[in-house]
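Residue numbers (this note's numbering), protein chains in the order written: chain X, 557 to 1092; chain V, 6 to 354; chain C, 677 to 1099.
Where a beta carbon is used, it is the ideal one built from N, C-alpha and C, also for glycine.
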C-alpha cells in the first residue's frame, strides 16, 4: 500500500504547532514509562495540593498485579511466597514473569475483544491472541483489522470488526473513530458537532468515505474501485464527501473507476465466483481502507491513534482514563494530564505501539501501587489519580477468582503441580463467565447476580464442606481463629483483621451445634462479599 | 384416452393477474371455466386464448375459497361465510345463503351426481346442501373446534368418493374423518400427524394442516396432502407431503414426499382415472406439480410451476391441465412436444 | 496548567474542589425531579410486546376489500366509524379506554434493529448505552419503599429473545429487568431448602458486614451497586408469591385461560397490582412470512382474548386508571401478500395501541392509505411513540439525564408526545 502517493491538501496546522511545542517540554524519551507516569501525576497533584493515598502492602499489590496482568487472584502458596521473599527486585521480577505467561496475552485479547466486538462474538479474540503472541504492534493489528491481512494468518477472524458492521456504514465509521481514535463522531452525522467546533459533517462523511466502497462478499470484506458519498447539510445543501480524516487532512484520490453495465455484470459474476470459491476479492489499486491506515498512522496525523491506545490502556490499568469518556478525545474535553498523554503517545509510537511494553510501565509506577483506601477526609476525585480505583472484575476474572477461592487451598500447595492445577481449575470455570456482565463505564452489579449467589443450586457446590472445597479444609481446622485466618487468606489473599476474626468466630460459635453449616455460610459470605468481586 | 404420460407434462402458457386465484372449476362438456379470486369475485375466463377476458361476478366480500359447477349453477363459498348460487349465463346471483357457516368457508365440493354441494368451514362443520334448492340436507360435525394448544382448529377440505358413498373431511391438526354420505355418521378417523407442526418452544404457534383430500377412482383409497414437519414455522419450509390410506382398513399405504427443491403445501391431489398415479400441486413462494406412482410407491416427476398453485383441473381426456394460483393462471399439456423441441429439453436437462 | 483548571470548573461542584463525587450521580438528579413525583405516583406500564411483528392489517388497521386486505373482514367497534379486524371481536366491544395509533413509520425493517429501536425509542450510539423503556420507567415510576421488583420481563419463546432488549444502559444495573425466560417464576427467587430462613438472613448480614468493612474509605459506583443488589435480595424473595398463580382464584384463572401468554398476563396483573411499575409480556413469534392468515388467526385470537380480559380485570380492580397498557412490536407486516400467503417485515406504516392511564380512550390517531402502503396522515416515529408513553404516565419526555457532563433527554430532541391521544 506504500506505493500509493498521498497528496495532502490541508493540514491541521494548529495540531502540528502544539505537537512541536509540547515535544520540547516533555520529559526525554529515555525516561521509563513508570518514571514519566509518576512525574506527571505527582506534579499535577502538587499543583492541587493533593495528598496521595499510601502505598499498598505486598498482599494487595500481588493480588492487584496478578489480576491486571494474568486475570486471576493468587493462591495462598503464591501469597506466602511473595510476601516472605526478601528479594528487593521481587516486584519487577513478578511483573516480568507475569507478562511472559500465556495468560497475559489471553486476558489482553479477551479485554480488547470485549471493547471491539459485540457480546458473544469471539472470532476477533482468537485473532488478537494470535497477533499479540506474534508480537504485533497495535498499528499492525489495526491494519489487519481494518484493511485485512488476506496473505497472513486468521484473516477472517481479524476482519470480524469490519465484517460485523459492514451492513451499517454509519456504525462502522463511528465505531472505528470511537474505538481506534477516541473520537465519537455520531453527533456530526446530521449536523456539525454541537460541542466541538472541529468536528463537522465533513468529518463524519469523510470518515464514512473510507468505508463506503467496502462490502461483504461471503466470508470476506471486499472493496470496489468506485462509489461516492453525498450528504445534505442542515441548510439542505448537497455536498460530495471528501476522503477526510479526523485531523482534517484530505486525501486526493484518482477519479473513480467507471464501469459500464457489461463490466458491472462481469464484476458481479466474478465476486459471486470468489464467494463460491471462498476466496477474497483482490483489493482495488486505490483502496480507501488502505488510505485510512496510511493516514491514521502518518506522522502528522497519528496523534489520535497513539493517544487513544495510551488512554484506553491507561483506563484498563487505572480504572479511569486520562480522557473521560474514552471516546470524547477532543479540544473541548482536554485530558486531565495533557503532557502525560502526549508523552505516552510519543513513547508508544516510538516503540512500535507495543502494548506489552506500555502495560509493563503502567503497572510498575508508584501511582499504580497506591491504596484504593483514602484515609484523609476529602477523597480526591478520580482524575487526580491520588488513590487506586476499585475496578469490577471482568466476567473471566470473577469466574477465575470464584474457582480458585472456593477450592481447597492445599490443592495448589505442591509447586510442581500448582501451575497446571490452577490452569485446569480456571479453565473448568470458563462457563461461569456467561453469568456475569462485561463491565463498562459506570458499571453496576445487577440483582440477578445477587440472587444467583443467594439462591442458586449451582453455586451451593462452591460453599459446601467437602474435601476438595475450601469449606472442607476449614472444617478440619479446630481453632476458630486459625480457621478464619486461613479462610480470609484463601479468599482475599491477605491476613484477617481483628474485626473479622471476632465477627466470624462469633458466627461459628453461635452455631456450635452445626459447625459445618456455619462454615459453609461463612464461605458463602466471603465469596459473595465485595472484596472478592472487585480488583482493588 | 387416459394415455397421458407424466413425462410429457409441460407448461403451455400463463396469464398474469394482480390477485390470487384460489379456486377454479371447469365443465368438461362445455369447456366453461370459472375461477375464484382473492378480490372476492368469481370470474368466467378462457385461459386458452391470448389475453383472456375475465368476466366478473360480484357478490362475495372476501376470498372465494370454494367453487363448484353443479351443471346448472356455479356455487361459490367464501371467507365471508356465505354461499352463492350463480346463473352461468347471466352471471347473476340465483341464491345467497348469508351465514352458511359461523366461520370462514374453506372449501366446497360437489357429489359425482351433481345433486349435492358440500361445504367446510372453520366452524369445523361440513354441511351438505341440495344443489338445486340450496336446502341444508345434513351436517357432519365432530372435528374438535379448539386444538389442545388452545388455538382455533381449521377445516380445510372435503371430498366425496366417486361411488358417492363416502365423505372425507380434513383439518388443521391433521385428522381425517370418513363419513357415511347417506346417514351422516362418522365411520372412521385417520390421521397424518406429520402434516401439523406445533412449535411449543421457539415460536409458540403452529403451521400446516391437511389442505387437500381426494378418493381413488375405485373409492377404496383416500389421499391427503399437506406439508411435512417444519423447523421454522414462519415459513413453508418442508417438502410437500401426500399420504395414501386404505379406507376399509385405515392402514397407511404410503407417504409420498418430494425433494427439498419443491417445498410447501400440497393444495390439491388428483387421481389419474386408472388409479395408478396421482398428481399433487402446491407450493411455497414458488409452486410445483408432482407426479406419484401408486403401485411403485414413488415420486415419478416434479417440476416447477410458474406460481404457487392453489388448484388444478384436467380435461377428461387428460391432455390438458389448467392451474390457478398466486398472481397467475397456467395451462399445461400432456402431449409430447415436437421432436426437435424435445431434443432441446433433453439437452437442457 | 490552565486546561486542567478549566476542566475542574467544567466538572463543577464537588469535583471542582478536588473531591470525589458521591457514588450515585443519577440519583441526585432523581431527587431534583421530585416536583413531578406526585404526577407519577402509583403509575404503571404494562407492555404487550408482539415479538416478530404482528400484522397491523389483521389487528388495528384492516383494509377490507383491498387486495392487500387479506381474507378477514373488518368489524364495527364500540367507537362510531372505527373498524378493526374481525379477529378481534372482544377488543372491538371495549375500545373506550384505548387509543389506536395507525401511523407509525419507524424505518428499520430487520428484527434486531427494529426491536432495539422500539425498545430504546432511538437509534444506538457506540459507547453510550441507552436504557430501554422498561428501565426508564422502572427508574421514574419505581418507589424505593416497595419490596417488589420494578421491572419484570417475560419472554418464553426462544425465537427473537435476544432482540427484546432489556438494558438499563447508563442508568445502571439497578434498573435492569428481572428477565423470565423458562418459567413464570423468576430464577433464584426462592430459598434453597438446606438453609433456614434465619441462617439465610444472618449469612447475608455477615456478608454485609464484610462488605461494609471493605467499602470503608473506598468510593465507587460499581462497589455501591454491588451492595445495593445484595440488599434487595431478601425483599425480592418476599415477592415470590406474586409469581405464583395458585394464589389466584380458579374463576380468575379460567377467565384468562390456559395459554402461556394468558398466564403471564395474569402474573403481570398481580405484579402491577402489587406496585411493580413496569412489566413486559412478550408474545412471540409473529413473523408470518408464510401463512400469515393462519398464524394471525391463532395469535390474534389469543391476543384479543388475553388483552380484553386483562383490560377488564384491571378496570374492575380500579387499576386501569393508573396503568398504561401498550401493544407494540418491532414493526408491522407488508400489505403485499406473498405467494406463501405470508406477509413480510414492514416498518413504513404500522400500528400500536395505548390503553388506560393518561390516554384519551376511543381515539384513533393517524391513517394509512387505502392499501396500507404508506402513512397518509399524522406520521410518527419511535421517538414520538415513546414521548407519548412517558407523558401518559406523567413523565416529562424532555427530562434530561446527565451522563458525565452530557445531557441526554429521555427522547430525541425535537420530538413531542401525540397530544391527540392523551387525556
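- Contact check for residue 275 of chain V against residue 317 of chain V passes: the beta carbons are separated by less than 8 Å.
- In the DSSP assignment, residue 1033 of chain C forms no beta bridge with any residue.
- In this structure, V/334 is the residue among V/204, V/277, V/143, V/334 with its C-alpha nearest to the C-alpha of residue 26 of chain V.
- Interface annotation for the region 945-967 of chain C against chain V: 959, 960, 961, 962, 963, 964, 965, 966, 967, criterion Cβ-Cβ distance under 9 Å.
- Comparing alpha carbon positions, the residue from X/1082, X/776, X/590, X/935 closest to residue 604 of chain X is X/935.
- Across the region 892-912 of chain C, CB contacts with chain X closer than 9 Å involve 892, 893, 894, 895, 896, 897, 898, 899, 900, 901, 902, 903, 904, 905, 906, 907, 908, 909, 910, 912, in sequence order along the chain.
- A distance below 7 Å between beta-carbons, with the five flanking residues on each side excluded, links residue 1061 of chain X to the following residues of its chain, in chain order: 1036, 1037, 1040.
- Around the beta carbon of residue 862 of chain C, 16 or more other beta carbons lie within 10 angstroms, which makes this residue buried.
- Counting along the chain, the unbroken beta strand (DSSP E) around residue 193 of chain V starts and ends at 191-196.
- For residue 1015 of chain X, there is no enclosing beta strand (DSSP E); the enclosing alpha helix (DSSP H) has its first and last residue at 1013-1019.
- CA-CA distance, residue 253 of chain V to residue 869 of chain C, rounds to 59 Å.
- Here DSSP, grouped into helix, strand and coil, assigns residue 732 of chain X to helix.
- Of all C-beta pairs linking the region 912-924 of chain C to the region 951-966 of chain X, fewer than three are shorter than 8 Å, placing the two stretches out of contact.
- Residue state for residue 135 of chain V is assigned as strand, using DSSP reduced to three classes.
- Your pair residue 286 of chain V and residue 308 of chain V does not check out as a contact, with CB atoms roughly 11 Å apart and the cut at 8 Å.
- Residue 788 of chain X and residue 718 of chain X have their C-alpha atoms spaced approximately 26 Å apart.
- Counting the other CB atoms within 10 Å of its CB gives residue 829 of chain X a total below 16, which places it among the exposed residues.
- Put simply, the backbone Cα of residue 812 of chain X is about 21 Å away from that of residue 729 of chain X.
- For residue 1092 of chain X, at least one C-beta of chain C is nearer than 8 Å to its own C-beta.
- Within the model, the alpha-carbon separation for residue 32 of chain V versus residue 38 of chain V is close to 6 Å.
- Secondary structure note for residue 114 of chain V: its beta strand (DSSP E) is the uninterrupted segment 110-115.
- Contacts with chain C at 8 Å (Cβ-Cβ) do not include residue 87 of chain V.
- The closest CA to that of residue 50 of chain V, considering only V/342, V/328, V/338, V/339, is found on V/328.
- When V/205, V/229, V/204 are compared, the shortest CA-CA separation from residue 215 of chain V is found for V/229.
- Looking at X/1021, X/1066, X/948, X/1058, the one whose alpha-carbon comes closest to that of residue 1089 of chain X is X/948.
- Taking a C-beta distance under 8 Å as the contact criterion, residue 776 of chain C and residue 964 of chain C do not qualify as a contact pair.
- Secondary structure note for residue 1058 of chain X: its alpha helix (DSSP H) is the uninterrupted segment 1054-1065.
- In summary, the residues of the region 1057-1068 of chain X whose CB is separated from some CB of chain C by less than 9 Å are 1059, 1060, 1063, 1066, 1067, in the order they occur in the chain.
- In this structure, the CA atom of residue 931 of chain C is about 39 Å from the CA atom of residue 188 of chain V.
- The three-state reading of DSSP puts residue 725 of chain C in strand, counting E and B together.
- Boundaries of the beta strand (DSSP E) around residue 180 of chain V: 180-185.
- When secondary structure is reduced to three states using DSSP, residue 965 of chain C falls in the coil class, being assigned neither helix nor strand.
- Against chain C, the beta carbon of residue 1002 of chain X has neighbours under 7 Å at 849, 852, 905, listed in chain order.
- With distances taken between CA atoms, residue 939 of chain X lies nearest to X/596 out of X/596, X/581, X/591.
- In this structure, the straight-line span from the alpha carbon of residue 809 of chain C to that of residue 796 of chain C is close to 6 Å.
- With a cutoff of 8 Å on beta-carbon distance, residue 689 of chain X and residue 655 of chain X are scored as not near each other.
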